[in-house]
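Note that the sequence shown covers residues 2 to 431 in our numbering.
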Amino acid sequence: MADTLEQLDGFSSIIAAFLAKKLVSQTEINEDLCSAISHTWTVFLLIIFAVIVTFTYLIGEPIHCLAPPNWPKQEVNYAKSYCWVSNTYYIGMKYPIPTDPTSRTEEEVTYYQWAPIIFLFMATLFKTPDMVWRFVNSMSGIRLKKIIALAQSSLLESPEKYKMNIRNIACFIDMWLEGCWKRKLHRVVTIKGRNLNVSWLPFSKKEGTYFISFYIFVKFLFTVNVIGQFFLLNAFLSDNFTPYDIFRTIPSKGSARFPRVTLCDLELRQLQNIHLYTLQCVLPVNLFNEKIFIFLWFWLIFVAVVTCANVVLWIYRAIFSKRQSKYVLHHLSPSKNILIKADGKKMFKHFTTDYLRNDGFFILRMIAKNTTNLVLEDLLKELWHLYNKRIDQNFQQPGNCNTFNDILRENLPAPHILKSLIYKRNIRSP
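Right, here's the structure in full:
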């Protein structure tokens with residue numbers, strides 16, 4: 002059994018190394034900081050904790066038991082292995098050991114062998130919402146990650162290539178918006194001077210709510226996950242756990258949840274006789290487990306507060322169209338004064354509510370978060386130009402980007418990169 006448990010610990014270290022490489026090797030660029038705290042930083046911390054505890058099991062001795070002096074070394078090693086895999090129980094030094102085996106079983110400490118697996122399971126739960134977002138992003142028809150990467154790389158290009166990349170990013174966004182655009186099926190309700198979007202169909206590309214709805218849904222998953230894990234951890238530590246318990250705990254003795262000294266019942270068969278021994282054991286690994294779980298308790302509070310505030314912020318951004326219009330106008334005005342014309346305000350309103358909509362606003366905000374305001378202003382200028390082309394052509398053609406092949410014929414610096422920005426199934430043939 003001891004060899005099996007050591008193999009399990011070794012296997013958990015392999016899993017931890019794999020997750021560290023695959024799950025948190027690189028932070029996604031099409032995200033905000035609050036999402037990264039949940040699915041990158043927290044996952045990384047949990048994997049590090051799993052590795053630390055696993056190596057503590059493998060390198061050191063996770064348990065020491067006080068055996069009778071007449072026992073040979075072989076029996077002492079057997080007793081340690083048995084007590085490690087069969088669980089120990091905690092009875093305070095001030096209390097007598099119960100004679101009833103059932104009473105002893107109720108005080109068993111059963112988690113310490115599985116601490117690395119617990120940490121990896123928590124990491125998987127924190128990573129799951131991000132995997133949902135990746136899947137949703139892959140089904141959107143536009144590769145947001147590569148568009149943002151191209152916008153980032155454009156900052157290091159020459160002015161000519163920079164303008165060309167910005168123009169082509171705008172064309173791809175325009176093509177995607179045009180492919181999703183149909184008659185608007187939502188209405189605007191004014192509440193206390195604020196415009197509130199009331200959409201009939203969330204999670205819809207036609208409504209322009211695909212990205213923003215799923216993004217808020219994923220944010221909600223992050224919130225449910227961290228709050229649920231906090232309550233589970235709080236129940237695990239104890240029903241009435243408070244931060245005061247941390248400072249009240251005597252370091253040399255530990256707490257009842259993380260005892261340093263435990264007891265183990267061992268039965269040894271000698272011929273036809275069965276002898277029952279009660280051994281006193283020390284668990285050095287609980288010194289690490291206690292500090293790790295207490296740190297996680299505070300960390301989950303921090304993540305929960307940040308995540309809840311962030312999801313409320315994104316809901317506010319999604320439902321109040323007036324705030325979106327102000328955001329776009331603020332970054333578009335330095336490039337071009339669009340309100341000079343008599344119909345400028347009306348065109349701008351249609352530009353934000355009918356053309357960009359929630360999904361266009363979301364894409365622009367993600368680009369701004371991962372680049373600079375200069376890129377956003379130049380990109381908005383190009384999108385405004387394409388929108389005016391649509392107005393002039395009575396919405397017959399998507400600006401000066403009629404087809405995907407037309408774009409590829411413009412001597413682009415890296416056609417194979419630009420071609421990967423949008424999925425083929427969403428590109429209309431000429």
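From the three backbone atoms N, C-alpha and C, an ideal C-beta is built for every residue, glycine too.
**Message:** Could you give the first and the last residue of the continuous beta strand (DSSP E) run that contains D266?
**Reply:** 262–271
**Request:** Run the CB neighbour count on Q114, radius 10 Å, all protein chains shown included, and call it buried at 16 or more, exposed below.
**Result:** buried
**Terminal residues of the alpha helix (DSSP H) in which Y79 lies** = 74–86
**Prompt:** Is the Cβ-Cβ distance between L375 and L365 less than 8 Å?
**Reply:** no
**Message:** Per DSSP, what are the beta-bridge partners of T89 in this structure?
**Reply:** V110
**Message:** When you compare the CB positions of F231 and L301, do they come within less than 8 Å of one another, or not?
**Reply:** Between F231 and L301, the C-beta gap is smaller than 8 Å, which places the two residues in contact.
**Message:** Using the Cβ count rule (16 or more neighbours within 10 Å means buried), how would you classify D175?
**Reply:** D175 is buried by the Cβ-count criterion.
**Message:** Am I right that E378 and H332 are in contact with their C-beta atoms under 8 Å? What's the rounded C-beta distance?
**Reply:** 5 Å
**Request:** For L156, I'd like the list of residues in its chain whose CB is within less than 8 Å of its CB, leaving aside the five on either flank, ordered along the chain.
**Result:** Y163, T372, T373, V376
**Asked** At what residues does the alpha helix (DSSP H) containing Y211 begin and finish?
**Response** Run containing Y211: 211–238, per the alpha helix (DSSP H) assignment.
**Request:** For the beta strand (DSSP E) holding I48, just list the boundary residues, first then last.
**Result:** Where I48 is concerned, there is no enclosing beta strand (DSSP E), although the alpha helix (DSSP H) it sits in stretches over 43–60.
**Message:** Check whether the region 44–57 and the region 106–126 are in contact - that is, three or more C-beta pairs closer than 8 Å.
**Reply:** Pairwise C-beta distances place the region 44–57 in contact with the region 106–126, as three or more of them are shorter than 8 Å.
**Prompt:** If you run the structure through DSSP and keep just helix, strand and coil, what is L156?
**Reply:** coil
**Message:** If you reduce the DSSP assignment to three classes, tell me which class L330 lands in.
**Reply:** helix
**Prompt:** Quick one: any contact between the region 309–325 and the region 293–300, if contact means 3 or more CB pairs under 8 Å?
**Reply:** no
**Request:** For L272, I'd like the list of residues in its chain whose CB is within less than 6 Å of its CB, leaving aside the five on either flank, ordered along the chain.
**Result:** Sequence-distant Cβ neighbours of L272 in its own chain, meaning closer than 6 Å and more than five residues away, do not exist here.
**Request:** Round the Cβ separation of P130 and L222 to the nearest angstrom and send it over; I've been treating them as touching at under 8 Å.
**Result:** 4 Å
**Asked** In terms of DSSP beta bridges, what is Y278 paired with?
**Response** In the DSSP output, where bridge partners are listed per residue, Y278 has L267.
**Asked** Can you tell which of T57, W385, M140, E158 has its C-alpha closest to the C-alpha of F215?
**Response** M140
**S430 versus M348: straight-line alpha-carbon distance, rounded** = Unreliable placement is indicated for S430, whose pLDDT of 34 sits below 50; the coordinate value is still reported in the next sentence. For S430 and M348, the distance between alpha carbons rounds to 29 Å.
**Cβ-Cβ distance between T43 and V304 below 8 Å** = yes
**Request:** Taking 8 Å as the cut-off, decide whether the C-beta atoms of T89 and C282 are in contact.
**Result:** yes
**Prompt:** Between the beta-carbon of V219 and the beta-carbon of V307, is there less than 8 Å?
**Reply:** no
**Item:** Sub-8 Å separation of R505 and L238 beta-carbons
**Value:** Because the chain spans 2 through 431 in this model, residue 505 falls outside it and cannot be assessed.
**Asked** Can G209 be considered in contact with the ligand SAM, in the sense that its beta carbon sits closer than 7 Å to one or more heavy atoms?
**Response** For the ligand SAM, the structure offers nothing, since it holds no ligand at all.
**Request:** Would you please state the rounded distance, in angstroms, between the beta carbons of L284 and A80? I believe it to be under 8 Å.
**Result:** At roughly 14 Å, the Cβ-Cβ gap does not stay under 8 Å, so L284 and A80 are not in contact.
**Message:** Looking at the secondary structure, which residues open and close the beta strand (DSSP E) in which L67 lies?
**Reply:** 65–67
**Prompt:** If you draw a straight line from the alpha carbon of L151 to that of G361, how long is it in whole angstroms?
**Reply:** 17 Å
**F259 - DSSP class collapsed to helix/strand/coil** = coil
**Simplified DSSP assignment, three categories, for I174** = helix
**Request:** Taking F122 as part of the alpha helix (DSSP H), name the residues at either end of that continuous run.
**Result:** 116–139
**Prompt:** What is the DSSP secondary structure of I143, counted as helix, strand or coil?
**Reply:** strand
**Request:** Throw me the rounded Cβ distance for the S39 and F127 pair, which I believe falls under 8 Å.
**Result:** About 6 Å separates the CB atoms of S39 and F127; that is less than 8 Å, so the two are in contact.
**Prompt:** Y278 and L288: beta carbons closer than 8 Å?
**Reply:** no
**Request:** Could you tell me the distance, in whole angstroms, from the CA atom of S200 to the CA atom of V86?
**Result:** Any reading at S200 must be qualified, since the residue scores a pLDDT of 48, below 50, and its modelled position is unreliable; the value itself is stated next. Their backbone Cα atoms lie some 57 Å apart in a straight line.
**Asked** Between Y112 and S154, what straight-line distance do the alpha-carbon atoms span, to the nearest angstrom?
**Response** 48 Å
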